[in-house]
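K.L.:
I have a structure here, written as structure tokens, and I will follow up with some questions on it.
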């Protein structure tokens, strides 16, 4: 009887592992075909299945070089506005959350409701007022005395817009984290005469590093991958961000699929690096219950 039960359990386990393996293969198949396509010549792509590895005659790195040449300026432009927008939105969200959690003041609940409502406002609903706002606020004229900023007015608009749009979600992330902190530690600091600013700098900020990793990764990914705001706010082709440059890799007549796949991987590389560098802190932040 015991042998029969063990045999049945073994068969069930084999079936479970086989089902999991099939599920993994199903999810990874698009990635595998994209990688195979990126290393094939255009002729090799049309002559073989996308899932088949390239042969020695169809293997090439040319698509990667061509894609990088066409995406290089877009990568630089995206970094120029994504990094400050990510850091600012996370920092401001932390400060707002601290003000909503560890201090008491009139109108606190109303501000929190506004922030929560801001999370659910879709990008599409603000495109027209956003475009009108930035047409009135002429960044190029405001910073005419500082040419590097004036020449990149579209990137400035993107950075400010994404910073404002990111504050509600980062505030809620940090607020949940701050509510889990030990109040006795903060109360002891207050009794010792520490100011609000000193408590934040000496106690709250060091304890927020894992949550900063969560907020930075979340914001960087969302901002880096954005195309909608960029299409509306960036008018100068010299300021095209990487998502705009990626769309230009699509051929008008015959699709250069190897070029597009290589460009997609190059575009995704910065977000992958962010996950690698902040992965440990990200896991700590999520495990801490802050996300």
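Residue numbers (my numbering): 55 to 345.
We treat Cβ as the ideally placed atom computed from N, Cα and C, and that holds for glycine.
Tell me whether residue 202 is buried or exposed, calling it buried when 16 or more other Cβ atoms sit within 10 Å of its Cβ.
P.N.:
exposed
K.L.:
Roughly how many angstroms lie between the CA atoms of residue 118 and residue 266, to the nearest whole one?
P.N.:
33 Å
K.L.:
Please return the same chain residues whose Cβ sits closer than 8 Å to the Cβ of residue 298, not counting the five positions on each side in sequence.
P.N.:
128, 281, 284, 285 and 288
K.L.:
Quick one: complete alpha helix (DSSP H) runs, 4+ long, within the segment 61-134?
P.N.:
96-101
K.L.:
Provide the residue span of the alpha helix (DSSP H) that contains residue 264, from first to last.
P.N.:
Per DSSP, the continuous alpha helix (DSSP H) segment holding residue 264 begins and ends at 263-278.
K.L.:
Suppose the cutoff is 6 Å on Cβ atoms and the five residues either side in sequence are ignored; what does the same chain contact list for residue 332 look like?
P.N.:
Cβ contact annotation for residue 332 (same chain, cutoff 6 Å, sequence separation greater than five): 267 and 271, in chain order.
K.L.:
Which residues in the same chain have their Cβ closer than 8 Å to the Cβ of residue 120, if we skip the five residues on either side of it in sequence?
P.N.:
313 and 316
K.L.:
In whole angstroms, what is the alpha-carbon distance linking residue 111 and residue 90?
P.N.:
Using only the alpha carbons, I get a separation of about 14 Å.
K.L.:
Between which two residues does the alpha helix (DSSP H) carrying residue 238 extend?
P.N.:
237-245
K.L.:
So the candidates are 244, 137 and 232; which of them puts its Cα closest to the Cα of residue 273?
P.N.:
Ranking the options by Cα distance to residue 273, first place goes to 137.
K.L.:
Out of 134, 226, 329 and 115, which one is the CA nearest neighbour of residue 152?
P.N.:
226
K.L.:
Assuming residue 96 and residue 310 form a contact by the criterion Cβ under 8 Å, report the distance between their Cβ atoms to the nearest whole angstrom.
P.N.:
6 Å
K.L.:
Can the beta-carbon of residue 191 be found closer than 9 Å to that of residue 204?
P.N.:
no
K.L.:
Label residue 94 either buried or exposed according to how many other C-beta atoms from any shown protein chain fall within 10 Å of its C-beta, with 16 as the threshold for buried.
P.N.:
buried
K.L.:
Quick one: residues in its chain with C-beta nearer than 8 Å to the C-beta of residue 64, no 5 flanking neighbours on either side, listed in chain order?
P.N.:
none
K.L.:
Quick test of the definition: if touching needs 3 or more C-beta pairs under 8 Å, does the segment 210-225 touch the segment 167-178?
P.N.:
yes
K.L.:
Whose CA, out of 161, 325 and 320, lies closest to the CA of residue 277?
P.N.:
Residue 277 has its Cα closest to that of 325, out of 161, 325 and 320.
K.L.:
By a C-beta neighbour count over all protein chains shown, 10 Å radius and 16 as the cutoff for buried, is residue 247 buried or exposed?
P.N.:
exposed
K.L.:
Just the C-alpha distance for residue 104 and residue 74, rounded to the nearest angstrom, thanks.
P.N.:
23 Å
K.L.:
Assign residue 67 to one of two classes, buried (16 or more other C-beta atoms within 10 Å of its C-beta) or exposed (fewer than that).
P.N.:
exposed
K.L.:
When burial is assigned at 16 or more other CB atoms within 10 Å of the CB, is residue 263 buried or exposed?
P.N.:
exposed
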